[in-house]
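Chains as they are written, first to last, in the working numbering: chain A, 244 to 359; chain B, 465 to 578.
The beta carbon of each residue, even a glycine, is placed where N, CA and C say it ideally should be.
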Amino acid sequence: EAGVAQSPRYKIIEKRQSVAFWCNPISGHATLYWYQQILGQGPKLLIQFQNNGVVDDSQLPKDRFSAERLKGVDSTLKIQPAKLEDSAVYLCASSLNSGTSALEGYFGPGTRLTVL
Amino acid sequence: LAKTTQPISMDSYEGQEVNITCSHNNIATNDYITWYQQFPSQGPRFIIQGYKTKVTNEVASLFIPADRKSSTLSLPRVSLSDTAVYYCLVVPITGGAAGNKLTFGGGTRVLVKP
Chain A
244 EAGVAQSPRY
254 KIIEKRQSVA
264 FWCNPISGHA
274 TLYWYQQILG
284 QGPKLLIQFQ
294 NNGVVDDSQL
304 PKDRFSAERL
314 KGVDSTLKIQ
324 PAKLEDSAVY
334 LCASSLNSGT
344 SALEGYFGPG
354 TRLTVL
Chain B
465 LAKTTQPISM
475 DSYEGQEVNI
485 TCSHNNIATN
495 DYITWYQQFP
505 SQGPRFIIQG
515 YKTKVTNEVA
525 SLFIPADRKS
535 STLSLPRVSL
545 SDTAVYYCLV
555 VPITGGAAGN
565 KLTFGGGTRV
575 LVKP
């Protein structure tokens with residue numbers, strides 16, 4: 244079974260530039276999560292999708308971050324414009340949404356973003 | 465969402481059993497307890513989940529007392545490769561998508577020494 248795919252793996256940009264990350268979840272997983280993980284901290288949930296609808300985006304800085312999952316499969320997360328404090332690893336995860344299967348999130352390898 | 469508290473770090477030696485306790489005093493009836501493991505430069509990986517009593521799989525055991533206000537992840541006979549951050553999550557299962565939120569805290573950094 245293919246895992247969660249993310250690209251790019253690494254990205255270096257200057258502040259005020261834009262960047263986009265892509266995630267392809269495990270086939271059949273209705274729930275998709277984007278997390279931001281700053282070095283030394285636990286992953287922080289940015290946004291959660293159920294199919295192509297947003298379930299929770301309460302911690303997404305909406306003035307600069309946006310995310311979409313138009314067809315309910317793959318997803319993109321965009322930052323525009325980037326700030327120095329956005330330097331982090333961006334993790335995508337997916338899960339089934341039925342019963343305790345929803346407890347098992349499958350994470351991708353992440354995209355390490357460095358903002359200079 | 466129930467708040468979780470776990471130690472920031474723990475040291476152990478190869479071959480020992482490691483027990484990490486997580487407190488979740490305000491756990492709700494429909495909350496499940498789940499643990500994840502994260503190695504450096506990788507995403508978290510699901511280890512185990514439970515509701516009450518004891519659950520065991522090929523990786524770990526999870527002990528949950530009757531009041532469910534805490535849980536203990538037990539890693540038997542650890543090796544150097546078990547050095548990682550371990551996260552305790554309390555996740556409400558409500559049958560709807562809105563409840564299935566995987567919220568991570570700071571985790572416990574476990575260092576296994578030779």
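- Straight-line measurement puts the Cα of tyrosine 551 of chain B at about 6 angstroms from the Cα of threonine 572 of chain B.
- For phenylalanine 350 of chain A, the nearest beta carbon of chain B is closer than 9 angstroms to its own beta carbon.
- Rounded to whole angstroms, lysine 321 of chain A and arginine 541 of chain B show a C-alpha spacing of 43 angstroms.
- At least 9 angstroms separates the CB of arginine 532 of chain B from every CB of chain A.
- For proline 286 of chain A, the neighbours in chain B by C-beta distance under 7 angstroms run, in chain order, Pro508, Phe568.
- Separation of lysine 258 of chain A and threonine 357 of chain A (C-alpha to C-alpha, rounded to the nearest whole angstrom) is 9 angstroms.
- Close partners of tyrosine 253 of chain A in chain B (Cβ separation under 8 angstroms) are lacking, with about 11 angstroms as the shortest Cβ gap.
- Setting aside the 5 residues that flank it on each side, glutamine 293 of chain A is surrounded in the same chain by Ala273, Thr274, Asn340, each with a C-beta closer than 7 angstroms to its C-beta; the list follows chain order.
- Remark: C-beta atoms of threonine 498 of chain B and leucine 544 of chain B do not approach each other more closely than 9 angstroms.
- Note on geometry: alpha-carbon atoms of proline 352 of chain A and valine 482 of chain B lie some 27 angstroms from one another.
- For the C-beta of leucine 356 of chain A, not a single chain B residue is nearer than 9 angstroms; the gap to the nearest is close to 14 angstroms.
- Taking a cut-off of 8 angstroms for Cβ pairs, the region 331–340 of chain A and the region 278–287 of chain A touch, as three or more such pairs fall below it.
- Relative to phenylalanine 510 of chain B, the option among A:Thr343, A:Lys305, A:Leu359 whose CA is nearest is A:Thr343.
- Taking a Cβ-Cβ cut-off of 8 angstroms, isoleucine 528 of chain B has no neighbours in chain A, whose nearest Cβ is about 14 angstroms from it.
- Here the alpha carbon of lysine 577 of chain B sits roughly 21 angstroms from the alpha carbon of threonine 536 of chain B.
- By the C-beta criterion, the region 524–534 of chain B is judged to be in contact with the region 488–503 of chain B, since at least 3 inter-stretch pairs fall below 8 angstroms.
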